[in-house]
Amino acid sequence: MRNINNYLYCFNLDLDTDNIKQECFQINELLQTLPQPEEHWINHYGSKSSAVHKDYNIFTWTSSYIRTLYDELRFTFNKVKDSTEPYAMQGWLNVYEKGHNINWHKHWDSEWKAWHGFYCVDVEKEQSHTEYNLPFMEENVKIESKNNLLVIGKSDNDEHRSSVWNQETPRITIAFDILPMSSINKLQSNNLNHWIPI
């Protein structure tokens with residue numbers, strides 16, 4: 092485990108990324124049947140699978156490989172969380188084609204007591220990274236992408252982005268948000284259908 096200022100935690104897992112990748116392709120194909128978001132949202136998020144992240148939860152996909160990732164994520168999050176309160180999670184697929192990425196963005200403000208992270212499925216066709224701008228550090232933190240890398244971090248007004256992808260085959264990651272139940276209870280009811288316990 093790599094610990095960055097008790098804020099970001101990096102773990103090298105040992106999961107079957109080839110089969111997870113195949114399931115990601117199946118999920119992405121299914122997501123293409125959803126209504127098309129406005130073009131500026133696809134540009135903002137870098138892909139349709141990311142732009143429609145509020146419409147599904149990848150961890151409800153009925154497959155043994157995604158389920159194994161969920162179990163591993165659950166076990167790992169319990170190592171780093173700083174509260175005994177129950178949590179819930181939503182997850183989505185990022186499929187970045189050539190020339191695409193997600194630019195600087197943030198997820199949650201401090202009062203939500205949230206966590207965010209990602210898992211690298213197929214990211215090694217070229218050097219790529221995720222860059223964080225943490226509010227309490229002068230220099231940005233760059234995390235190099237590697238298959239089977241799991242990153243879990245607090246979501247406390249930080250910003251992050253991924254590098255632009257330049258290969259013909261896509262860069263595939265799975266991202267997620269984690270909220271304590273006290274924050275889940277404050278969400279609007281139309282945003283609750285895809286959160287699951289972790």
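One rule links them: number in the numbering used here = place in the sequence shown (from 1) + 91. Heads up, the beta-carbon is just placed ideally off N, CA and C, and yes, glycines get one too.
- Take N103, set aside five residues on each side of it, and the residues of its chain with a beta-carbon closer than 7 Å to its own are N239, L240, in chain order.
- Take the alpha-carbon of V255 and the one of G244: they are about 22 Å apart.
- Taking 3 residues as the shortest admissible run, the segment 205-274 contains the following complete beta strand (DSSP E) segments, listed from N- to C-terminal end: 205-213, 220-224, 232-235, 240-246, 250-253, 262-271.
- As DSSP reads the structure, H196 sits in a beta bridge with H251.
- Straight-line measurement puts the Cα of S138 at about 8 Å from the Cα of I193.
- In the pairwise beta carbon analysis, the segment 199-216 is classified as touching the segment 269-278: at least three pairs are separated by under 8 Å.
- Of all alpha-carbon atoms in V186, W206, S154, the one lying nearest the alpha-carbon of D173 is that of W206.
- In the DSSP assignment, W152 is bridged to no other residue.
- The beta carbons of R252 and W195 sit closer together than 8 Å.
- Taking C-beta separations shorter than 6 Å and ignoring five residues to either side along the sequence, the partners of I111 in its chain run Y156, V212, following chain order.
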